[in-house]
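Peer 1: This is the structure I have questions about; it appears just below.
Protein chains in written order, with my numbering: chain A, 1 to 502; chain B, 1001 to 1314.
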């Protein structure tokens, strides 16, 4: 039995258990009806409802749902619009939930899933590559379909659990009208009650399939971009929970509020131009040794980040316990530079509001070994216009697609056609290692294969400076017991699990 | 007077035309590519070209300006790249908020400024004058952003007299609308009130030193009557242009106040458009703000003509 089939079997058991638990919940009728309004503060603004071009699921996670859903740990899969699944090397068989409708009244069925996957594949967004192996979609009936795969895709289910695979009403896809939202989620978007750029209102969807397990009746998302304003809003009761800059944490706790954080992204130094500027492995190793990640995360993210040894989080396939990452060692860095012939390297290093302190520190540390990284502060719009292009040889960031699993990381960042490989640099040895991992029969061999990929990346300093960045929240413990979040899902709550205290 | 109005209308039209051309040029100088931002990381060159064509961004800049200008004459400001809504509708939603905020703050600034300036100018050198002068200096030196946060903390968080943030439309609840705007209007007005009061004080001192006031005093005219009949009208003449400039300053500060009090006004809209490089929205917002300023200046010029016949064209 392959790793994927075992995973499918485990998932099926979990799905059955979850369904059983759900049935018990229905039978006992212990769950009260959704009640109250969650007032949630965020720095994120809503611009439209196309889920494929969103950098987070702050809003889309309220109205849309995927076929499967990630548990709070970020990778364990839970049933959502699909109740059962079976993944093998050449196909994914799905059983869909019956009786589900989109907010616009369109029924959710196998045809709708097919339409969505075809749309994602053709979208040209970062999510398209994840569905490239889907060669054909076979519909058996309204609730059963099979995705035939042209090559093994062991993380396909994780991809289906990402914000890039939310199910959208086929009518909305057809119309390309993103001014409103038509998902299957617990709440519908109330455009009339919302206020442009400052407040978005959501009401309970009467025909939601799991209405009795939803905590709140309505959600109002307030855009609170200034940390002091967000804190004032929380203290005064304008919101019960808000994203909050960690610099405000002491003031928040002094007022009796509670704070929390969830790792949402594993960022790293991206040596994009390994064709010229960073072609020499010794130069890359020198930079990896010169940058003191412990100092960077402490000063650059107000403690709401952690330096980690590698891209894959513990528990994910490919996590290699032997990897330690590059330790801060200026002498070693200088030796690497000497081995490279002390080349004169000068380049512009882009940064934006979210990472500018960290990037400034890194640039200073690189100067110690004679590398002239010129930090350039950009607006968020400017920054993301050039991110993943061949305009700047180095960036410090990451894309959510890379965090899905080792295959996604490799495909996105290192495969010759990867979106995160704008200089189109080939690494044939790494390609071979990835291929071997993909073709391995047993779960153990697959994992060993991905561990070898991660080791190669470290040994050749293709990436380094890994650090988990957190989204930080503060909340009023008198109004909300805890803030349900998901690892690697930025700026979003598990809204259906929010329960207000009386 | 009609001649003055006709002249000012003609000047306003020219200003509006220049403002439109400036708004267009400014936006297109930005290095940001809205196509990349709209499509995301992995869009193919074909997809980028298709969207650029759809938005008209593949055409030469002068052609884009011509297209935008001709649509503008038809009352069409285009469509927001990201919100997929007509820019005119979005501005229509945001405009009342900024207009109410600006109007409220301007009235407060004028009333407070004229009262304080007159009171201090009628008592130059007194302890009250010195105290008010110090207060005015403090108000001038206080950043509006910080003041707004401070007022919010005091009146909304501590005293719970007004909401800390948000906007209630007038049609939904007139009382909540008014209460919600008190603090933003006051926070916005403080700087303008300080400037107006300083100018008003100087004007009052000048007027009170003039020969006709001395003559009125010699005739035994009561001080209150002198202040009301002779001083106020004459002292206001140099203040009116100051008020016009201050309205422009308040409009410039309003995005900050909108941000602190989370108001869905033009400032918020414009800042969002800048951040996302939503060219059509940004052009529209700049043009509307320029129009507001041109209209305000038009009325200031006309008011000045009413108050002082010497400036009317001969």
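For every residue, glycine included, the Cβ atom is placed at its ideal position computed from N, Cα and C.
Which residues mark the beginning and the end of the alpha helix (DSSP H) in which residue 63 of chain A is found?
Peer 2: Residues 60-63.
Peer 1: For the ligand MN, is there a heavy atom less than 7 Å away from the beta-carbon of residue 156 of chain A?
Peer 2: Because no ligand of any kind appears in the structure shown, any question about the ligand MN cannot be addressed here.
Peer 1: Am I right that residue 308 of chain A and residue 468 of chain A are in contact with their C-beta atoms under 8 Å? What's the rounded C-beta distance?
Peer 2: Going by Cβ atoms, the distance from residue 308 of chain A to residue 468 of chain A rounds to 6 Å, so yes, they are a contact pair.
Peer 1: I want to see whether chain A comes within less than 8 Å of residue 1275 of chain B, judged by CB atoms only; does it?
Peer 2: Residue 1275 of chain B counts as touching chain A.
Peer 1: Can you round the beta-carbon distance between residue 1149 of chain B and residue 236 of chain A to whole angstroms, since I take them to be within the 8 Å contact cut?
Peer 2: Contact flag wrong, Cβ pair sits at about 13 Å.
Peer 1: Roughly how many angstroms lie between the CA atoms of residue 1133 of chain B and residue 1195 of chain B, to the nearest whole one?
Peer 2: Looking at the two C-alpha atoms, the distance is approximately 11 Å.
Peer 1: Just the chain B side, please: which residues come within less than 7 Å of residue 47 of chain A by C-beta, in chain order?
Peer 2: Going along chain B in sequence order, the residues near residue 47 of chain A (Cβ under 7 Å) are 1082, 1083, 1276.
Peer 1: Is the segment 95-106 of chain A touching the segment 1025-1032 of chain B in the sense that three or more CB pairs, one from each, lie closer than 8 Å?
Peer 2: The segment 1025-1032 of chain B, when compared against the segment 95-106 of chain A, does not touch it at the 8 Å Cβ threshold.
Peer 1: Under 8 Å between the Cβ atoms of residue 164 of chain A and residue 130 of chain A?
Peer 2: Yes, they are a contact pair.
Peer 1: For residue 1003 of chain B, does the three-state DSSP call read helix, strand or coil?
Peer 2: Three-state result, residue 1003 of chain B: helix.
Peer 1: Just to confirm my understanding: we take residue 247 of chain A, look at its own chain, exclude 5 residues before and 5 after, and list those with CB closer than 6 Å. What are they?
Peer 2: Taken in chain order, the residues that qualify are 302.
Peer 1: Where does residue 1309 of chain B land, buried or exposed, given buried means 16+ other C-beta within 10 angstroms?
Peer 2: Result: exposed.
Peer 1: Taking Cβ positions only, does residue 1192 of chain B come closer than 8 Å to chain A?
Peer 2: No, because no Cβ of chain A sits closer than 8 Å to the Cβ of residue 1192 of chain B.
Peer 1: Please classify residue 1212 of chain B as buried or exposed, where buried requires at least 16 other C-beta atoms within 10 Å of its C-beta.
Peer 2: The residue is exposed, with fewer than 16 neighbouring Cβ atoms inside 10 Å.
Peer 1: If you drop the 5 nearest sequence neighbours on each side, which residues of the same chain put their C-beta closer than 7 Å to that of residue 1182 of chain B?
Peer 2: Here the set comprises 1162.
Peer 1: Please report the distance separating the alpha-carbon of residue 497 of chain A from that of residue 212 of chain A.
Peer 2: For residue 497 of chain A and residue 212 of chain A, the distance between alpha carbons rounds to 11 Å.
Peer 1: Let's see if you can read the secondary structure: which residues bound the beta strand (DSSP E) around residue 57 of chain A?
Peer 2: No beta strand (DSSP E) contains residue 57 of chain A, which DSSP labels as neither H nor E.
Peer 1: Residue 232 of chain A versus chain B: which residues are under 8 Å apart at the beta carbon?
Peer 2: Simply 1149, 1152, 1153, 1156, 1157, 1164, 1165.
Peer 1: Just how far apart, CA to CA, sit residue 46 of chain A and residue 462 of chain A?
Peer 2: Each residue's alpha carbon lies about 35 Å from the other.
Peer 1: For the beta strand (DSSP E) holding residue 373 of chain A, just list the boundary residues, first then last.
Peer 2: Looking at the DSSP string, the run of the beta strand (DSSP E) that includes residue 373 of chain A is 371-377.
Peer 1: Which residue marks the beginning of the alpha helix (DSSP H) containing residue 434 of chain A, and which one marks its end?
Peer 2: Segment 428-439, the alpha helix (DSSP H) holding residue 434 of chain A.
Peer 1: Name the chain A residues that come within less than 9 Å of residue 1055 of chain B, Cβ to Cβ?
Peer 2: None at all; the shortest Cβ gap to chain A is about 14 Å.
Peer 1: Does the segment 313-331 of chain A come close enough to the segment 401-409 of chain A to have 3 or more Cβ pairs within less than 8 Å?
Peer 2: Yes: the two stretches touch, three or more of their Cβ pairs being nearer than 8 Å.
Peer 1: If you measure from the beta carbon of residue 1060 of chain B to each beta carbon in chain A, is any gap under 8 Å?
Peer 2: No, its Cβ sits nowhere closer than 8 Å to a Cβ of chain A.
Peer 1: Mind checking the segment 47-63 of chain A against chain B and listing, in chain order, the residues whose C-beta falls within less than 8 Å of any C-beta there?
Peer 2: From the segment 47-63 of chain A, only 47, 48, 52, 53 have a Cβ closer than 8 Å to chain B.
Peer 1: Spatial neighbours of residue 1249 of chain B within its chain, please: C-beta separation below 8 Å, excluding the five flanking residues on both sides.
Peer 2: The answer, listed in chain order, is 1191, 1192, 1195.
Peer 1: On a CA-only basis, which of A:369, A:137, A:350 is nearest residue 338 of chain A? Give me that one, please.
Peer 2: The option with the nearest alpha carbon to residue 338 of chain A is A:369.
Peer 1: Could you tell me how far apart the beta carbons of residue 1204 of chain B and residue 1121 of chain B are, in whole angstroms, since I believe they sit closer than 8 Å?
Peer 2: That pair is a contact at about 3 Å.
Peer 1: With 8 Å set as the bound, which would you pick, yes or no: does the beta-carbon of residue 1264 of chain B sit closer than that to a beta-carbon of chain A?
Peer 2: True, the Cβ-Cβ gap to chain A drops below 8 Å.
Peer 1: Just to confirm my understanding: we take residue 231 of chain A, look at its own chain, exclude 5 residues before and 5 after, and list those with CB closer than 7 Å. What are they?
Peer 2: Excluding positions up to five away in sequence, the list reads 244, 248, 251, 252.
Peer 1: Can you check whether the CB of residue 483 of chain A is closer than 8 Å to the CB of residue 475 of chain A?
Peer 2: Yes, these two residues count as a Cβ contact at 8 Å.
Peer 1: Who are the Cβ neighbours of residue 1151 of chain B in its own chain at under 8 Å, not counting the five residues just before and after it?
Peer 2: Taken in chain order, the residues that qualify are 1183, 1186, 1187.
Peer 1: For residue 473 of chain A versus residue 180 of chain A, is the C-beta distance shorter than 8 Å?
Peer 2: Against a cut-off of 8 Å, the Cβ pair of residue 180 of chain A and residue 473 of chain A comes out as no contact.
Peer 1: Look up residue 85 of chain A in the DSSP assignment and give the residues it is bridged to.
Peer 2: In DSSP, residue 85 of chain A forms a bridge with A:94.
Peer 1: Work out the CA separation of residue 1146 of chain B and residue 223 of chain A for me, nearest whole Å.
Peer 2: Rounded to the nearest angstrom, the two C-alpha atoms are 19 Å apart.
Peer 1: So residue 298 of chain A is in the alpha helix (DSSP H); what residue range does that whole segment cover?
Peer 2: Per DSSP, residue 298 of chain A belongs to the alpha helix (DSSP H) from 293-300.
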